[in-house]
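Structure first, commentary second.
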Amino acid sequence: AWLFVPSAILLGALHGLEPGHSKTMMAAFIVAIRGTMTQAILLGLSATLSHTAVVWLVALAGLYFGRNWQAEATEPYFQVASAVLIIAVAVWMLWRTWRDQHEHDHHHDHGHDEPQRIVTGHGVLRVEIFETNAPPRFRLIAE
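Count the sequence shown with the working numbering and you get residues 5 to 147, in order.
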């Protein structure tokens, strides 16, 4: 029972990587660039259609390949595969956390402090990233 909470956290993190979960970021980008209503509607329609198409493809593939499938015979293999996947994601997340906390100082230039400019078609956005002894913070400024 003590594995339920960590498993739920890991599955939630993995679920966030699945198709359709970048809609919020795209919507925020449209707001940031002061996009038009048409752009927002097209974004919503494309996200809805792509998400629905993926669900239909998965369902149809399941119907096609599942005709002669013996669930009792394959269930143990799926359990092992899902356990390996969850453990692999957990190890990867722990490694990234450890690596980020133990980075060494380096002296070559990455251009961290130089703002980047994005031409949106409706103007220019300046993106600044601050990484001084803290998690990265971002600033988005319309020019």
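The beta-carbon is built from N, C-alpha and C at its ideal position, and this holds for glycine as well. Just so it is clear, the structure is predicted and the values come from calculations on it, not from any experiment.
Rounded Cβ spacing between residue i and residue j (contact assumed at less than 8 Å)
{"i": "isoleucine 34", "j": "leucine 47", "result": "6 Å"}
{"i": "alanine 87", "j": "leucine 14", "result": "Their Cβ separation, rounded to whole angstroms, is 11 Å, which puts alanine 87 and leucine 14 out of contact at 8 Å."}
Within 8 Å, strictly: CB atoms of residue i and residue j
{"i": "aspartate 132", "j": "arginine 121", "result": "This sequence places glutamate at residue 132; aspartate is not what is there. It is not a contact, given that the beta carbons lie outside the stated cut-off."}
{"i": "glutamate 147", "j": "glycine 127", "result": "yes"}
Alpha carbon of residue i to alpha carbon of residue j, nearest angstrom
{"i": "glutamate 118", "j": "aspartate 104", "result": "22 Å"}
{"i": "leucine 61", "j": "methionine 30", "result": "24 Å"}
{"i": "leucine 66", "j": "valine 84", "result": "A small fix is needed here, since residue 66 is glycine in this sequence, not leucine. So the alpha carbons of these two residues sit roughly 20 Å apart."}
{"i": "threonine 78", "j": "tryptophan 99", "result": "32 Å"}
{"i": "histidine 195", "j": "glycine 70", "result": "Residue 195 lies beyond the stretch modelled for the chain, which goes from 5 to 147, so this question has no answer here."}
{"i": "tryptophan 102", "j": "leucine 53", "result": "39 Å"}
{"i": "alanine 32", "j": "glycine 39", "result": "10 Å"}
{"i": "leucine 12", "j": "tyrosine 81", "result": "For the sequence presented, residue 12 should be read as alanine rather than leucine. Approximately 21 Å, taken between the alpha carbons."}
{"i": "valine 59", "j": "glutamate 76", "result": "25 Å"}
{"i": "alanine 57", "j": "threonine 136", "result": "43 Å"}
{"i": "alanine 51", "j": "leucine 18", "result": "19 Å"}
{"i": "valine 123", "j": "isoleucine 145", "result": "12 Å"}
{"i": "threonine 42", "j": "histidine 55", "result": "20 Å"}
{"i": "phenylalanine 8", "j": "leucine 89", "result": "15 Å"}
{"i": "glycine 16", "j": "asparagine 72", "result": "31 Å"}
{"i": "tryptophan 96", "j": "phenylalanine 134", "result": "25 Å"}
{"i": "proline 139", "j": "arginine 130", "result": "20 Å"}
{"i": "leucine 49", "j": "proline 10", "result": "35 Å"}
Per DSSP, the bridge partner or partners of residue i
{"i": "valine 131", "result": "Gln120 and Leu144"}
The alpha helix (DSSP H) enclosing residue i, as first and last residue numbers
{"i": "arginine 38", "result": "No alpha helix (DSSP H) holds arginine 38; DSSP gives it neither H nor E."}
{"i": "arginine 103", "result": "75-105"}
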